[in-house]
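Let me begin by presenting the structure, written as structure tokens, before commenting on it.
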Amino acid sequence: MSAQRREMPEPTAPLKLLARARTDEIVVLSETTRQDWPPLSTRPELDIAVTGSMGKASSFGLGVALARPDVGVWVLDTDGALLMNLGSLVTIARAKPANLIHFVYDNNAYDTTGGQPTPGSGLVDFRAVALGAGYPRALVYDELAAFERDLPVILDGPRPALVVLKVASIGRRQGVERMKPTYESFVAIRDYLAAHAERPA
Amino acid sequence: MAASTATLQAASVLDELSRCGVTHIVWLPDSETGFLYEAILQSPITLVPVCREGESMAIAAGLIMGGKRPVVLIQSTGFFESGDSIRGLCLDLHLPLLLMLGYRGYAGPGRTAADSAARYLEPLLGAWGIPYYVVDSDATCHYISQAYQQAQASSHPVAVLVGKEYHR
Numbered sequence: 000m001s002a003q004r005r006e007m008p009e010p011t012a013p014l015k016l017l018a019r020a021r022t023d024e025i026v027v028l029s030e031t032t033r034q035d036w037p038p039l040s041t042r043p044e045l046d047i048a049v050t051g052s053m054g055k056a057s058s059f060g061l062g063v064a065l066a067r068p069d070v071g072v073w074v075l076d077t078d079g080a081l082l083m084n085l086g087s088l089v090t091i092a093r094a095k096p097a098n099l100i101h102f103v104y105d106n107n108a109y110d111t112t113g114g115q116p117t118p119g120s121g122l123v124d125f126r127a128v129a130l131g132a133g134y135p136r137a138l139v140y141d142e143l144a145a146f147e148r149d150l151p152v153i154l155d156g157p158r159p160a161l162v163v164l165k166v167a168s169i170g171r172r173q174g175v176e177r178m179k180p181t182y183e184s185f186v187a188i189r190d191y192l193a194a195h196a197e198r199p200a
Numbered sequence: 000m001a002a003s004t005a006t007l008q009a010a011s012v013l014d015e016l017s018r019c020g021v022t023h024i025v026w027l028p029d030s031e032t033g034f035l036y037e038a039i040l041q042s043p044i045t046l047v048p049v050c051r052e053g054e055s056m057a058i059a060a061g062l063i064m065g066g067k068r069p070v071v072l073i074q075s076t077g078f079f080e081s082g083d084s085i086r087g088l089c090l091d092l093h094l095p096l097l098l099m100l101g102y103r104g105y106a107g108p109g110r111t112a113a114d115s116a117a118r119y120l121e122p123l124l125g126a127w128g129i130p131y132y133v134v135d136s137d138a139t140c141h142y143i144s145q146a147y148q149q150a151q152a153s154s155h156p157v158a159v160l161v162g163k164e165y166h167r
């Protein structure tokens with residue numbers, strides 16, 4: 000599907016669909032997704048923002064997925080963050096977590112710093128990179144209707160999967176809902192997982 | 000024939016990690032710790048290889064949140080590379096994490112290293128407030144368990160510097 004001259008979905012549109020489809024997955028958030036997701040989340044107690052580490056949300060998600068193969072893990076990554084940790088695609092592909100879906104907001108920009116273009120703006124094809132790294136499945140969407148149509152298949156399909164969501168760059172968010180500090184989320188989810196004993200995946 | 004305690008044996012290191020109940024080793028090999036590879040593969044501990052050292056702390060953090068007992072095994076140079084993961088994950092999340100760092104350029108006890116990778120390592124650990132022990136032989140291998148238990152008790156990273164190869 001071509002992304003040329005098409006108006007990109009506004010960033011929260013695909014997230015609304017994900018929020019509606021979510022059951023009890025752990026959601027690991029990155030830069031702008033930590034700002035856009037909280038007002039939509041139906042399970043905020045299972046959300047954690049991993050931003051203080053230069054793009055390591057995907058790596059953190061891999062760790063959770065390996066620790067608990069019986070629990071679904073969604074990483075809501077961003078293009079700027081993933082560019083800082085591109086090797087994680089290879090690390091994840093090699094580890095083959097069958098419970099990890101890696102969504103990537105791709106708006107070609109650093110929205111948290113005002114919308115400056117990333118080095119990969121208009122250039123990098125994350126789907127191709129993920130497939131080249133060894134992901135068994137990688138998809139890209141620039142139309143909301145297509146993403147909505149395919150979402151049930153994405154959620155039940157081969158994993159790890161990379162799902163690139165082309166969205167509009169809208170710059171720095173104003174008046175966003177603050178998530179609780181990462182350490183508080185870390186402790187709460189650790190305790191939740193300990194209380195819900197591992198079951199066969 | 001018993002192995003000399005003057006050298007560091009892979010089996011001794013793996014015995015220490017097994018005694019601690021370690022479940023995962025998140026690693027990127029280096030010349031100081033590469034000798035452990037075959038022993039890790041033969042152990043029940045799961046090996047998680049990474050492409051860059053900064054990933055290792057993030058993966059370990061996720062493993063810990065999920066109830067596992069990982070250690071990180073990387074070279075000192077990768078530790079330098081990983082600064083923001085150490086700050087934002089190891090320290091801010093109070094991770095009870097053992098960082099095993101290949102001590103590149105280690106010159107032996109009390110000797111000044113020629114390699115800047117060795118000269119800056121201990122001062123940098125001090126700046127981060129990360130306690131550390133040097134393990135360079137089977138006689139000092141018990142520091143691995145001690146460091147691991149200290150990390151668990153303090154909910155804070157503790158390092159073991161693996162000085163397998165002396166550089167004089």
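Just so you know, the protein sequences line up as chains A and B, in that order. In terms of numbering that gives the first Met the number 0, the first sequence is residues 0 to 200. In terms of numbering that gives the first Met the number 0, the second sequence is residues 0 to 167. For every residue, glycine included, the Cβ atom is placed at its ideal position computed from N, Cα and C.
Per DSSP, the beta bridge partners of residue 77/A are 104/A.
Any Cβ of chain A closer than 7 Å to the Cβ of residue 103/B would place that residue at the interface, and such an atom is absent. By the C-beta criterion, the segment 86-99 of chain B is judged to be in contact with the segment 143-161 of chain B, since at least 3 inter-stretch pairs fall below 8 Å.
Close partners of residue 50/B in chain A (Cβ separation under 8 Å): 86, 87, 89, 90. Judged by pairs of C-beta atoms under 8 Å, the segment 96-104 of chain A does not touch the segment 18-27 of chain B, as fewer than three such pairs exist.
Rounded to whole angstroms, residue 33/B and residue 75/B show a C-alpha spacing of 13 Å. In the three-state scheme derived from DSSP, where H, G and I count as helix and E and B as strand, residue 158/B is classed as strand. Residues of chain A whose Cβ lies closer than 8 Å to the Cβ of residue 73/B do not exist, since the nearest Cβ in that chain is about 13 Å away. The shortest CA-to-CA distance from residue 156/A to any of 134/A, 142/A, 143/A is the one to 134/A. Across the structure, residue 184/A and residue 112/B are spaced so that their CA atoms are roughly 42 Å apart. When DSSP states are grouped into helix, strand and coil, residue 83/A belongs to the helix group. Per the coordinates, the alpha-carbon of residue 30/A lies some 49 Å from the alpha-carbon of residue 4/B. Apart from the 5 residues on each side of it in sequence, residue 138/B sits with its Cβ closer than 6 Å to the Cβ of 4 in its chain, given in chain order. For a Cβ distance threshold of 8 Å, residue set 66 of chain B lies close to residue 193/A, ordered along the chain. Residue 60/B and residue 197/A have their C-alpha atoms some 18 Å from each other. Taking CB atoms only, residue 178/A has no neighbour in chain B less than 7 Å away. Membership of residue 45/B in the beta strand (DSSP E) is indicated by the continuous run 45-48.
Sequence-distant Cβ neighbours of residue 176/A in its own chain, meaning closer than 6 Å and more than five residues away, are 37, 38. With a 10 Å radius around the Cβ and a threshold of 16 neighbouring Cβ atoms, residue 40/B comes out exposed. Taking 3 residues as the minimum length, the beta strand (DSSP E) runs contained wholly in the segment 68-155 of chain B are 69-74, 97-101, 131-134, in order along the chain. Cβ contact annotation for residue 21/A (same chain, cutoff 7 Å, sequence separation greater than five): 41, 42, in chain order. Cβ contact annotation for residue 129/B (same chain, cutoff 6 Å, sequence separation greater than five): 156, 158, in chain order.
Two segments are said to touch when three or more pairs of C-beta atoms, one from each, lie closer than 8 Å; by this definition the segment 70-87 of chain B does not touch the segment 164-174 of chain A. Counting the other CB atoms within 10 Å of its CB gives residue 47/B a total of 16 or more, which places it among the buried residues. For the C-beta of residue 62/B, the chain A residues within less than 7 Å are, from N- to C-terminus, 62, 65, 66. For the pair residue 64/B and residue 189/A, the CB atoms are nearer than the 7 Å cut-off. Along the segment 77-110 of chain B, the positions whose C-beta sits under 8 Å from a C-beta of chain A are 83, 84, 86, 87, 88, 91, 92, 93, read in chain order. Taken through DSSP and simplified to helix, strand or coil, residue 23/A comes out as coil. The three-state reading of DSSP puts residue 116/A in strand, counting E and B together. Contact with chain A is found for residue 57/B, since one of that chain's Cβ atoms lies less than 7 Å from the residue's Cβ.
Around the beta carbon of residue 31/B, 16 or more other beta carbons sit within 10 angstroms, so the residue counts as buried. Residue burial annotation: residue 6/A is exposed, with fewer than 16 other C-beta atoms found within 10 angstroms of its C-beta. Taking 7 Å as the cut-off, the Cβ atoms of residue 138/A and residue 162/A count as close.
Under the Cβ distance rule, residue 55/A counts among the residues neighbouring chain B, one pair being separated by less than 7 Å. Here residue 39/A carries a coil assignment [DSSP, helix/strand/coil]. With respect to chain B, the C-beta atom of residue 52/A has a partner C-beta closer than 7 Å.
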